[in-house]
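For the protein sequence lines, the chains are R and E, in the order given. With positions in the first sequence counted from 1, the corresponding number in my numbering is that position plus 911. With positions in the second sequence counted from 1, the corresponding number in my numbering is that position plus 26. The beta-carbon is built from N, C-alpha and C at its ideal position, and this holds for glycine as well.
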Amino acid sequence: MSDAVAAIERIYREEYGRVVASLVRRFGDIDVAEEAAGEALLVAVERWPVDGVPPNPGGWLTTTAARRAIDRIRRESHRDAKHQAALMIANPEGHEPTGLVEDDRLRLIFTCCHPALAPEARVALTLRLLGGLTVAEIAAAFLVPETTMAQRITRAKRKIKDAHIPFRVPDEADLTARLAGVLAVVYLVFNEGYLATSGEQAVREDLTGEAIRLGRILHDLLPDEPEVCGLLALMLLTEARRPSRVDESGELVTLRDQDRGGWERALVEEGHDLVRECLARHASGGRRPGQYQLLAAINAVHTDAPEVGATDWAQIAALYDQLYAVAPSPVVALNRAVATAELDGPAVALAEVDRLAEVEPSLTSYHAWHATRADLLRRLGRSADARAAYDAAIDATANPAERAYLARRRGTLAP
Amino acid sequence: MTQYLLAVNHTPEDLAAMDAMSPAEMQAMFDTVGAFNQRLQAEGAWVFAGGLQNHDSTTTVDNTGSDVVVTDGPFVESKEYLGGFWVIEAPDLDAALKWAAEGSKACGNRVQVRPFQEEPDA
């Protein structure tokens, strides 16, 4: 019995975004949609074990939820007849078609990621409404008290209602800018899971899976948007390496030392296919590739090499140069310097890394800057300087896997 | 349709910058704001707009107690004061934000967008 309920809850969560999005369009109100979806779950838990799971569970849940919502609206005496009528129009379309695929989930994700909402609220709403995560799960993943997360979500929903944030895919003219905001939310969810600095590991790892699921939905709905394709590829190629990223003792394993046989081949293949899709689009004269496509391409070069020695570093360096042109940041420049070390040797790279911190002093509080320097100094045989750099790197990170790795590397230095 | 307030708040720095404007610069701003107002009217988004005198001219009236208390100046000291505003009508926030972007460019100041409460089932 409890297995049956667990199976129903799994289907429910899988279908939640579709169900809620459809109800939001129909009733124009997120709270009404969520309550109705919740009631439909209770009906499913009662019926499905007896009648069997319907062939189209999402459609069944949506229909059941819509009936419940209409019943509720009828019962509520404080709403006048006109208001009731307005809510019960079968398909109240309040806007002009935009020429894009109009999936309700796509409209809903643009509402959830609207720039008029606070960034942390965008993430929470997207996970709640599209991902079907509970408030408690989202709170646990972001390490905030459940009441805080509940308030954040409630406040965002109120603003959507009061300020009339539309439930609509933006016009062609605004689409690129608004889509960048949506992709940023999805990538943030992914990184929150992947780069977990603390918290219960399992809960956080769910976030990467959830981000990939959102990425797949976006890619299905916007198949011609190259950055959507790029982001999905980037997440898949990163996720593919997860099994090799931390060893049994919980220590970080760098890309260089990872067991490449442990990578998830299916994810690597899928990521490579998507990167090829992006490349084909550019070959036929598409827009200049954006940051997600370039990051995906960099990851594709790495995952293409059967061993670290076979890495095409010239290609990596060229891609980082392109990335820097699109998204100039000291972190991108730091990664470029890692490729420089392979191409031109550690001395040239060290000079580059030191120059970066002169331009951007905040890098000296970033553990990866110290860790990169430490590695270059080690390769140059400057043990004392390397030791100091490892110490600084360890001080600058709270991630236990990272600290364990850095401490071990420090221990291998010649006296 | 929802009504939105597009509020233009002035900080002391904004006021100093406006005081330092030449008559020609001032006229150019009046012209761009005038053109923006005409667009709002032409597209049916216009409800009302106005520029306010300096906040020094504020008088506060408090009749929440037993007597009417009239005092010079605003009720609380603030870092910025309402300098002018538009009230517009727009189908949703995206449309209001587009008007606000135009208004901000026209008046050379930040614009805060705030929805009006709706009358219940009006």
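- The C-beta distance from Leu-119(E) to Pro-1077(R) rounds to 7 Å, short enough to meet the 8 Å contact threshold.
- Annotated three-state conformation of His-1025(R) is coil, per DSSP.
- In terms of Cβ geometry, Gln-1226(R) and Glu-1138(R) do not form a close pair [threshold 8 Å].
- Annotation for Gln-1204(R): the continuous alpha helix (DSSP H) segment containing it runs 1202-1215.
- Sequence-distant Cβ neighbours of Thr-58(E) in its own chain, meaning closer than 7 Å and more than five residues away, are Ala-132.
- Here Thr-28(E) is bridged, per DSSP, to Ala-116(E).
- Take the alpha-carbon of Thr-975(R) and the one of Ala-1050(R): they are about 29 Å apart.
- For Gln-1062(R), the secondary structure class from DSSP, reduced to helix, strand or coil, is helix.
- Within chain E, the residues placing a beta-carbon under 9 Å from that of Ile-1076(R) are Asp-118, Leu-119, Asp-120, ordered along the chain.
- Annotated three-state conformation of Tyr-1277(R) is coil, per DSSP.
- Contact check for Val-1264(R) and Arg-1284(R): beta-carbon distance about 6 Å, within the 8 Å limit, so the pair qualifies.
- The criterion of a C-beta distance shorter than 8 Å is satisfied by Glu-1181(R) and Leu-1147(R).
- Our two residues, Asp-1131(R) and Ser-1155(R), have alpha carbons roughly 29 Å apart in a direct line.
- Under the DSSP assignment, Val-956(R) falls in the alpha helix (DSSP H) whose first and last residues are 941-962.
- Note on geometry: alpha-carbon atoms of Trp-72(E) and Ser-104(E) lie some 29 Å from one another.
- Note on geometry: alpha-carbon atoms of Glu-1253(R) and Ala-1260(R) lie some 9 Å from one another.
- Annotation for Ala-1208(R): Val-1186, Leu-1230 place their beta carbon closer than 7 Å to its own, counting only its chain and skipping 5 residues before and after.
- Sixteen is the threshold: when 16 or more other Cβ atoms of the shown chains lie within 10 Å of the Cβ of Asp-1286(R), as they do, the residue is buried.
- For the pair of segments examined, the region 1299-1318 of chain R was found not to touch the region 74-83 of chain E: the number of CB pairs separated by less than 8 Å stays below three.
- Pro-1326(R) carries a coil assignment under DSSP once its states are collapsed to helix, strand and coil.
- Under the Cβ criterion of 8 Å, Pro-38(E) is not counted among the residues facing chain R.
- Here Asn-967(R) is exposed, its C-beta having fewer than 16 other C-beta atoms within 10 Å.
- Where Thr-90(E) is concerned, there is no enclosing beta strand (DSSP E), because DSSP gives it neither an H nor an E.
- For Gly-1104(R), there is no enclosing beta strand (DSSP E); the residue is part of the alpha helix (DSSP H) that begins and ends at 1083-1105.
- The three-state reading of DSSP puts Arg-1199(R) in coil, since its state is none of H, G, I, E or B.
- Note that the C-beta distance between Leu-1090(R) and Phe-1101(R) is not below 8 Å.
- Val-139(E): not part of any alpha helix (DSSP H); member of the beta strand (DSSP E) spanning 138-141, first to last residue.
- In summary, Glu-144(E) is exposed, with fewer than 16 beta-carbon neighbours lying within 10 Å of its beta-carbon over all protein chains present.
- Residues of chain R with a Cβ closer than 7 Å to the Cβ of Thr-28(E) are, in chain order, His-1075.
- Per DSSP, Val-935(R) has no beta bridge partner at all.
- Gly-134(E) is positioned such that its CB atom lies closer than 8 Å to that of Met-55(E).
- Listed along chain R, no residue sits closer than 9 Å to Pro-100(E) by beta-carbon distance, the nearest being about 26 Å off.
- Its chain contains Leu-934, Phe-938, Val-943, Ala-947 as the residues whose beta carbon lies nearer than 7 Å to that of Ala-980(R), once the 5 sequence neighbours on both sides are disregarded; these appear in chain order.
- Among the residues facing chain E, Ala-1282(R) is not included, as its CB has no counterpart in that chain under 8 Å away.
- Nearest to Ala-1315(R) by C-alpha distance, out of Arg-1069(R), Ile-919(R), Ala-1282(R), is Ala-1282(R).
- The C-beta distance from Asn-35(E) to Leu-108(E) rounds to 6 Å, short enough to fall under 8 Å.
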